[in-house]
Each structure stands twice: as structure tokens, then as C-alpha cells.
Amino acid sequence: MEQICKITGMSMAQQKKWPLFHSLLTDKLVINRAEISTDKLSKEIMQFCSRQETTDEIQERKDAIISHLKKRFNRKFNGSKLTAFGSSESGLGLKNGDIDLCLEFKGEKPKKVLTKIARMLREDGMEDVTLIAHAKVPIVKFTDSRTKIPIDISINNSLAIYNTSLLKLYNDCDVRVRPFVLAIKNWALHRGICNAAYGTFSSYAWTLIALQFLQTSNPPVLPNIQQGDKRILREVEGTIYDLTMNENPADLIKSDNSDNIGDLIIDFFDQFSNNWPWDENVISIRSGKMISRKEKNWEEDKPKLIDALVDENKLRLGKHSLPVEDPFDHLHDLSRVLRTEGVMDIREEFLRAYRVLNEGGSWSEVVKTKFPELVNDSPKTDLFEDLREIPKQEVIDKLEILQDQLNEVESKIKVRKSERNNAIEMSKAIRKNAELKNEENKLGNSLKPRRDKIEKVKKERDSVNNNYIPVHWIEDEMMKVFYRLTEDVDQMSAPSLKKEKELFSWFFELQSMHQHSKKTRELHNQFIKLLDEQKDTLDELDLVKKSSNELFGNYENFDDLAHKLLLELNSIHNEKRTLRREIGRLEAWLRICDRKKRDRKKSNYRKQNNRNISKTRSSVNIEEVKSRASSGESISLSDLGALLNSGGFSSIQNVGKEKSERKKKKKMNNNFTASRGKRGRSKKNY
Ligand code: CTP
Ligand code: MG
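Quick note: the sequence shown, position 230, residue 259 per this note's numbering, numbers continuous.
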């Protein structure tokens, strides 16, 4: 049976996890405030703080990243504005802090913009690009692949730009603000209680807690910068906020507090260990002091800390557990991210830090890293840091391996591309085949009814066609009979009545024959037309059958395959980019090594040469050299050295006077005189 504490209800495991806090709850904790020399502590913190200065290299890289993103976003989101905020702007940032960027853009919904940004950054080869869409302020997080600097981008997060200005003003108020805030942030970071995503306070919340402490120390180190009669109200994203910030905060109070950082730090941990402020109060820097929960209407909701911890059914902590009010958004309690275990950790860490300090522990002991995986590596600015200690041959071997990998990746890309093209072709062919099959069926289906019709027409035609006489013959005969019957006749040649009757009956017979014959002709024409149609259809069918092939299957399968291959191609392209970048880096390093070697050789050669010159100088016959120089004969480098050493050319006086006279004339003709150049002349000089 697990041992449960009768007072707190905490299990043995929980008591072990938070021993100091458990002792405090059971009234067993004793931490006596020792007489510590705070000078040592101050010195250590100031030294740590001086190491947090951003180096020029990191700053240059940060600026380059921001200006690169500005250009990219300007092109993609017309009329957008990218602004840096957060600790890198307020000056309250640790060396390995992130870059916080806000893109102000109204053209599209923020989440859509962030999705596009995430895609863009992945294309640019940035690392760990993550879209956090469901946070209070949605962001895209990523890491600069070269320096490993983490970067957050949010959209229209204008209030954060204002609160950054406020923090900057506080930072400018007193030289102790920066070291104090950085020390608290560093402690929280290394002790695992500075991560809103893991249920502890954000870095921003710790900054506000630290500033409130400096406002409420006795006497206060910091004033309340948001005080003043002239209030500045401004609308931000549809809500009116009071953004009053006193522009000359240093005039608000001249701090009488002369504590050093060590004193302030010990007081800070003393207060949070022995005088827990959150039982009754809310941290509120816009008030310059803590305000009561009651006044703020932020009473602690159930379940409270220990209840939430010991009752497995109560997973979430109630609202306003350790309330910290945002300086501008007064409805925003920064403790809303806290979870039960997070608050337990925070309480334990305050007690631990206070105990370590009172036991004479150093600051580095206080901030000893608890979870190394949660602490960022320092940004890398030396591109060749990892190569400097490696022998050159090892770099060459590595380069060869990478080249092989690149070749492999390139051939993978080739194969995937052709596979994808095939899949697209197959999908197209199947689609076309399906259309052709459709057409074939349609044509095939039309044959049978037409054949029936042909048979029918043929039958009909043949039935009326038994004694078929061509229509034109009947028509001629009818004309003849008609003339005979209607022509003017004289009495003598008039046909007999019998003959006339015969003619009439023949005419009627012809008329009836004409009807039949016409019908037959019509049926025959119809028959021929149907036969033609049938033939055309058969030809067409032949053609369709020839162009369709034996392709069966579902074109959607090939579409899916093409899409899958495209995704694979994207990731292989990324791999290729990474390899190329690494190859470029190694090649650059090898070039640097070669240059260094060349430079070394050159300088050795120069040294050697100088030595040789000085050696030969003594062995040169100077008179002979002078004679050769004056007669215009060639002289060696060592001769020249010796000549310069023994008075130079001016020392060659009477030797070969003629030649020197000639040279002088030539020189004068060329007008190379020591006069001022044109630019030096002014009108006045003429
Ligand atoms: N911010 C905010 N509300 C929060 C969290 C952050 O308004 N709940 C804003 C603040 O302006 C803060 C900025 O976002 O300065 C960046 O947040 P974060 O990176 O957590 O804090 P930093 O102050 O930049 O600290 P760090 O040095 O750890 O980056
Ligand atoms: Mg930040």
C-alpha cells in the first residue's frame, strides 16, 4: 500500500517529487535566512549577465534573417509589415533567446497566412517548421538552419509590440533591471518552469513577476510607468486599450533603493518562499503594486492546487491559480496556461533556490540545469566550428561521402520524376481509354438498330419493287398519253371511243405505276443512306478500336501515386538542398585551409628570399652593379637590393653621362613635371 500523507493527501511519489513544498505544507520546513555576503552573488550574476550580450555576429545574423523575411513577405503579402518584438527588442533577452516577429497584414485570415508562411519556410530549408494554430496567439515556429536561432512569427499581434515598448521603458529605468530580470528568467528556464506549453509560466510572465517585485521592493526600484493623468486610448484589433506609457519614466521616481543585485535576488526568493503573494493577490504591474483578488474579481477557482493533485479525477487546475495580469489586456491572466504539476514545480523551485542561497550556494548552483533538453543550445555563428579540430583529410572524406549521397539523391529524384511522369501519362491514357470505350460502346450500340431498319426498308422496297419500272420511263409515257388525250384533233383523225378509253385506262395505270415507282425510289434511297451510315459507323468503330489499347484500371490510383511521388520529391529536394549546403560549407572550409597553407608558404618563401637577398648582398660587387645599371644593362633582384642599399640610383654619378643626359631630355619631352594636377588649379591661381 502506498503511503499517503494524512495532512496533504499526497502520495509517497508526490512527496518525493516536491519534498520542500510538502514539508512547507506540513509545517516541517525550516529555512533560516543566513547572513550571506551578497557581493559575491552580485558579482556572479553580473558576470553571467555580461555573457548574455548579443555578439555582433549573432546580431548580424538576426538582422539578416529579419531582412530576408521582410523581403519574402513583402512579395507574398502585399502591403504587409514585419516588426520584431519580445525580449530581443526590449533588451531583456537571454543570449539564446528567440526572435519574435509580428506580421501585420489584413489581406487574409491569420491562420491562412501562417499556413502559407509555414510552407514558404519549409521551401527555404528552415528547420523544425511548426504551425501552432490553436494557441491564443497562433504562431509559426522554426529554427534558422545555420545558427539554430529559434524564431516565432505571429500575425497582427500588435498588443505585444506595445507591451514590448513598455518592458523596454522599464529596462531603461534602472541598470539593475536587466541583470535582475535575466537572472530570474535564466533560473526559471534552467529549472524547467519557463514553458507555457508544459504548464508553467511563459518567459513574458516571469518578466512581469520580476518587474512587479522591483516595483514593490522597499524602497521601490521601479516606478509604475503606466501612471499619468493623460490617458492614451487606442483601438487594437477591434478592442480599445489604455496604452498610456510615461515617456520619461526616470522622472517618476528617483530610486532610493541602493540594494545590489544579490540583495534583490535573495529578497525575491525570500518573499516567494515565506510570503507567498498569490493567496490573496494578483500581480499587476499596471497598478505598480499587487492588487487583491477580490478587487480584481479573480478569486481562485476550484479545483485548487492540492485537490487537483491528489484527486485523479480533477485533471485541470481551476482558473486564476497564480494570477498575473497583462499590463494592457486586463482580462488576460497569464496563469491560465498553468497546470497542476507546473504550479507544484514552481512552488518547489522557489523553495529550493532560497535554500541553496541560504546554504551559501553559488548562483550557478541555483540555476543548475534540470532538464537539458528544454534548454536551447547557444546560437552558432562560427560556420566552421565543428571542422576546426578535424584533420583536413577527414573533411575531404566526409565531403566524398556527401557527394556520393548527393549523387544518390539526384538519381532518386530522377527516378521519382520519371515514375511520376509515367503515373501522369497512365492516368491520362486510362482516362482517354475510358472515353474511347464509351465511344466504342455508343457506336456498337447504334449498329444493331440501324441494321434492323435497313432490313425493314429493304423488305418494303422489294415488296413494292417486284415489277419495278424506272420512274423516268413512266413519266415519259404518261406525258405521251397525256398529249394524245389533250391534243387538238380534227374530226377525221380523232381516235375512236374505244381507243380513247384504252388511253385513259393506260394513263391511270401509268399514274398508279408512277406512285409505286416513286415510293420504291424513296425506299431505295433510304436504304442506300442507311447502308452508308452503317458503313461509316463501322469505319469509325474500327478506328476507335485501333486507338484504344488494353489499358484498364482506375486512373484515380495513378493520380494518387503521382501525388504521393510529388510529396516524396519535395522531401528529397529538401534533402538535396541540405546536402548541397553542407557540401558548400565543407568546400568553403577546404578552400580556407588551402588559402591558409598558401599564405603560410608565401610568407615562408618571402622570409627565405629576404634571407637570400641579405646573404647575396654582401657578395655583390657594388661597383660592377653601378656600372651595369648606368649603362642600361639588366640587373638582378639582388643587384637592385644592393644598389638601393648603397645610395640608390642617385649614387650613379658620372657613369655613362651621355645616356643619362638623353634620358633627361626624353623625360622633359614627356612633361612629367612635379606640378599640381588639374584638380588642384583654381581660377585664382591663373
Ligand atoms: N507575449 C504576450 N503575451 C503572452 C506571451 C508573450 O503578449 N502571453 C508577447 C510579449 O511581448 C513577449 C513576446 O510576446 O515579450 C515574446 O514572448 P516570449 O518569447 O515568451 O518572451 P520574451 O520576452 O521574448 O522572452 P525570451 O527571452 O524567452 O524569448
Ligand atoms: Mg522571445
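Beta carbons are placed, not taken as given, at the ideal position from N, Cα and C, and that holds for glycine. Please read all numbers here as calculations on a predicted model, not as lab measurements.
Exposed is the label assigned to glutamine 544, since fewer than 16 other Cβ atoms lie within 10 Å of its Cβ.
Closest option to glutamate 118, judged by alpha-carbon separation, among Ile128, Pro306 and Lys110: Ile128.
Judged by pairs of C-beta atoms under 8 Å, the stretch 602-609 touches the stretch 432-442, as three or more such pairs exist. Three or more Cβ pairs closer than 8 Å define a contact, and the stretch 150-164 falls short of that threshold against the stretch 192-199. About 11 Å separates the CB atoms of proline 332 and lysine 348; that is not less than 8 Å, and the two are not in contact. For glutamate 538, the enclosing alpha helix (DSSP H) begins and ends at 526-576. Minimum Cα-Cα distance from proline 252 among the listed residues Leu218, Ser316, Phe209 and Gln300 corresponds to Ser316.
Glutamate 388 sits in coil when the DSSP states are folded into three classes, being neither helix nor strand. Around the Cβ of tryptophan 502, a 10 Å sphere holds fewer than 16 other Cβ atoms; the residue is exposed. In this structure, phenylalanine 134 sits near phenylalanine 106, with a CB-CB distance shorter than 8 Å. Assigned with DSSP and collapsed to three states, alanine 42 falls in helix. Collapsing the DSSP output to three states places valine 518 in coil.
The Cβ atoms of serine 109 and aspartate 203 do not sit closer than 8 Å to each other.
DSSP, read as helix, strand or coil, puts arginine 460 in helix. At the C-beta level, isoleucine 222 and phenylalanine 114 stay beyond 8 Å of one another. Here alanine 212 is buried: its Cβ has 16 or more other Cβ atoms, across all protein chains shown, within 10 Å. Within the same chain, and ignoring the five residues on either side of lysine 399 in sequence, the residues whose Cβ sits closer than 8 Å to its Cβ are His219, Arg220 and Gly221. By the 16-neighbour rule on beta-carbons within 10 angstroms, leucine 567 is exposed. Taking C-alpha positions only, glutamate 152 is separated from isoleucine 94 by approximately 15 Å. Nearest in C-alpha terms to proline 278, of all of Tyr270, Thr268 and Gln255, is Gln255.
In the three-state reduction of the DSSP assignment, proline 420 falls in the coil class. Distance between valine 142 and aspartate 292, taken at the CA atoms: about 48 Å. Bridge pairing for isoleucine 128: Ile180 [DSSP]. Between the stretch 39-53 and the stretch 362-382 there are three or more inter-stretch CB-CB distances shorter than 8 Å, so the stretches are counted as touching. When DSSP states are grouped into helix, strand and coil, glutamate 133 belongs to the strand group. Pairing proline 352 with alanine 234, the inter-Cα distance amounts to about 10 Å. Distance from the C-beta of glycine 126 to the nearest heavy atom of the ligand MG is below 7 Å. In the three-state reduction of the DSSP assignment, glutamate 468 falls in the helix class, which pools H, G and I.
For phenylalanine 114, the beta-bridge partners assigned by DSSP are Asp129.
When His163, Asp173 and Ile178 are compared, the shortest CA-CA separation from leucine 123 is found for Ile178.
In this chain, the beta strand (DSSP E) harbouring tyrosine 270 covers 268-271. In the structure shown, aspartate 362 adopts extended strand secondary structure according to DSSP, grouped into three states.
Apart from sequence neighbours up to five positions away, the residues of its chain that approach glutamate 468 with a beta-carbon distance below 8 Å are Val573, ordered along the chain. Between the stretch 547-559 and the stretch 415-423 there are fewer than three C-beta pairs closer than 8 Å, too few to call the two in contact. The Cβ atoms of isoleucine 335 and threonine 55 lie no closer than 8 Å to each other. For the pair asparagine 462 and aspartate 588, the Cα-to-Cα distance works out to about 15 Å.
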